[in-house]
């Protein structure tokens, strides 16, 4: 399929089943966190899923190469970003499987059926929007800071979309762990599984991945920590495995 | 000072300023967790502190060799255990500094001034008391299971005893992290600092140590993880350092 590239855009090969994605060099590009989260999402065959704040569409696109879900909706508030994600979906011929919705995630439950989805995924903005130096129309800022949606918006929306025992997967900063856990419980998403990501052995964690189950019973399990770099400064085998390059 | 030892009792050297402690071989003996927690308690000079569920008295006794607090109260519900802890206090000539109270921690705020203490410490029972096979009069069971006090009892009592910005220090199981964080916030103890303890690199965490500040502002910092054993199966330098044996 011929897909037109705009200024500053390039096509990146995802090294997974021939999947490709369009990125805009001037905007926020997907990072390792999206790849790690995608790999963490143990969604079942035929699942219906939603990705809140899909950005480039990386999560539903990459996940289509790893899991056999039936339908994914990627919610993205920024019109140009959503339009680019749509072209990436077409580029991979995934129009049947992935639909990009250019809507505010706070409106998602008006467009998507509540209490219906098997999994909701989110790699949301990590940073609080309480800094005065943010330009609120800047795509990078919107992707990184809680300008258009707060952590609570993400969790509330996920809770509404999920069916009973459906899973919510999120990657976030460890500094927000207390907020995350309290908000999850407030919205009846029980934290069930957590994985800490460290740059290297001995370092404090950089990121956390968490799975919560709607109306699940309290029982939090820890995964083994994930170290990104080994003593030699190279990626660890665990990272190579996640990137499918072992 | 001559201290009478009872059947099954022995005196252990704490390898810190000549401090010693009496243990009963048939009861729950203090473990590494108490030593790690004591080391984690960064209490200021002249602090007034309370240890909830003090057991052998290990935390206030060992802490007296590490920090210059002015007064510690050790709360212990089990009469024989509290009596043994009192003898350990005398053995170290610490009667001026440490007072063991043989009371239910749920009654602690009737005996100790609320909103007064700089730090409250607890190495509480870790296990839920929902197992039918527990003998509820067994000292080991009472020390290990939430028979006489729940996690919520410990946190509620700590919150009442602490003054504004006073610190609560606790060691517990990672599986209870969601409960711990939600209960802390419920009682206005803001989680500020957390350290994960792993048997060795790559293992999931075995224990967590957490510091919460009464009415503190939300900002959770992670410490570097603590690994107990190195690749060689020996204690790590970090552990030797905590034990004062480097």
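Residue numbers (our numbering), protein chains in the order written: chain A, -6 to 239; chain B, -6 to 239. Glycine included, C-beta positions come from ideal geometry on N, C-alpha and C. Here the structure is a predicted model, which means the values were calculated and not measured.
Within 10 angstroms of the Cβ of residue i, are there 16 or more other Cβ atoms? Answer buried if so, exposed if not.
i: residue 108 (chain B); result: exposed
i: residue 211 (chain B); result: exposed
i: residue 157 (chain A); result: exposed
i: residue 46 (chain B); result: buried
i: residue 172 (chain B); result: buried
i: residue 104 (chain B); result: exposed
i: residue 150 (chain A); result: buried
i: residue 72 (chain B); result: exposed
i: residue 41 (chain B); result: buried
i: residue 226 (chain A); result: exposed
i: residue 144 (chain B); result: buried
i: residue 67 (chain B); result: buried
i: residue 38 (chain B); result: exposed
i: residue 86 (chain B); result: exposed
i: residue 146 (chain A); result: buried
i: residue 233 (chain A); result: exposed
i: residue 89 (chain B); result: exposed
i: residue 0 (chain B); result: exposed
Just to confirm the assignment, what range does the beta strand (DSSP E) spanning residue i have?
i: residue 87 (chain B); result: Counting along the chain, residue 87 (chain B) falls outside any beta strand (DSSP E), and DSSP gives it neither H nor E.
i: residue 222 (chain A); result: Note, residue 222 (chain A): premise wrong, no beta strand (DSSP E); not H, not E.
i: residue 17 (chain A); result: 13 to 17
Per DSSP, which one or two residues make a beta bridge with residue i?
i: residue 189 (chain A); result: A:201
i: residue 155 (chain A); result: A:110
i: residue 271 (chain A); result: This structure cannot settle anything about residue 271 (chain A), because the visible part of chain A is limited to -6 through 239.
i: residue 53 (chain B); result: None, per the DSSP bridge assignment.
i: residue 182 (chain B); result: B:207
i: residue 94 (chain B); result: B:68
i: residue 215 (chain B); result: B:187
i: residue 120 (chain A); result: A:138
Within the continuous alpha helix (DSSP H) that includes residue i, where are the two ends?
i: residue 6 (chain A); result: Segment 2 to 6 is the beta strand (DSSP E) holding residue 6 (chain A); no alpha helix (DSSP H) there.
i: residue 176 (chain B); result: 170 to 179
i: residue 44 (chain A); result: Here residue 44 (chain A) belongs to no alpha helix (DSSP H); instead the beta strand (DSSP E) covers 41 to 45.
i: residue 136 (chain A); result: 132 to 137
i: residue 228 (chain B); result: Counting along the chain, residue 228 (chain B) falls outside any alpha helix (DSSP H), and DSSP gives it neither H nor E.
i: residue 33 (chain B); result: 25 to 33
i: residue 103 (chain B); result: 101 to 104
Considering only the alpha carbon of each residue, which of the options lies closest to residue i?
i: residue 256 (chain A); options: A:26, A:5, A:25; result: Because chain A is modelled from -6 through 239, residue 256 (chain A) falls outside the range shown and cannot be assessed.
i: residue 245 (chain B); options: B:181, B:184, B:213, B:220; result: The structure shown does not extend to residue 245 (chain B), since chain B spans only -6 to 239, so no value can be given for it.
i: residue 95 (chain A); options: A:87, A:69, A:82, A:81; result: A:69
i: residue 63 (chain B); options: B:206, B:53, B:76; result: B:53
i: residue 49 (chain B); options: B:36, B:132, B:39, B:58; result: B:132
i: residue 56 (chain B); options: B:33, B:77, B:74; result: B:33
i: residue 78 (chain B); options: B:29, B:2, B:31; result: B:2
i: residue 115 (chain B); options: B:202, B:174, B:90; result: B:202
i: residue 91 (chain B); options: B:117, B:100, B:97, B:61; result: B:61
i: residue 168 (chain B); options: B:119, B:195, B:72; result: B:119
i: residue 29 (chain A); options: A:164, A:148, A:138; result: A:164
i: residue 222 (chain A); options: A:154, A:205, A:193, A:208; result: A:193
i: residue 217 (chain B); options: B:138, B:189, B:13, B:229; result: B:189
i: residue 35 (chain B); options: B:186, B:137, B:97; result: B:186
i: residue 117 (chain B); options: B:139, B:99, B:11, B:100; result: B:139
i: residue -2 (chain B); options: B:183, B:27, B:83; result: B:83
i: residue 20 (chain A); options: A:205, A:213, A:75; result: A:75
i: residue 102 (chain B); options: B:0, B:237, B:44, B:236; result: B:44
i: residue 208 (chain B); options: B:86, B:155, B:22, B:235; result: B:155
i: residue 160 (chain B); options: B:65, B:80, B:111, B:229; result: B:111
i: residue 183 (chain B); options: B:59, B:134, B:214, B:25; result: B:214
i: residue 204 (chain B); options: B:121, B:113, B:26, B:142; result: B:113
i: residue 179 (chain B); options: B:12, B:235, B:206, B:137; result: B:206
i: residue 7 (chain A); options: A:93, A:99, A:59; result: A:59
i: residue 80 (chain B); options: B:14, B:106, B:200; result: B:14
i: residue 166 (chain A); options: A:26, A:-4, A:11; result: A:26
i: residue 98 (chain B); options: B:106, B:142, B:121; result: B:142
i: residue 148 (chain B); options: B:181, B:121, B:51; result: B:181
**Item:** Inside the region 57 to 82 of chain A only - alpha helix (DSSP H) runs reaching at least 4 residues
**Value:** none
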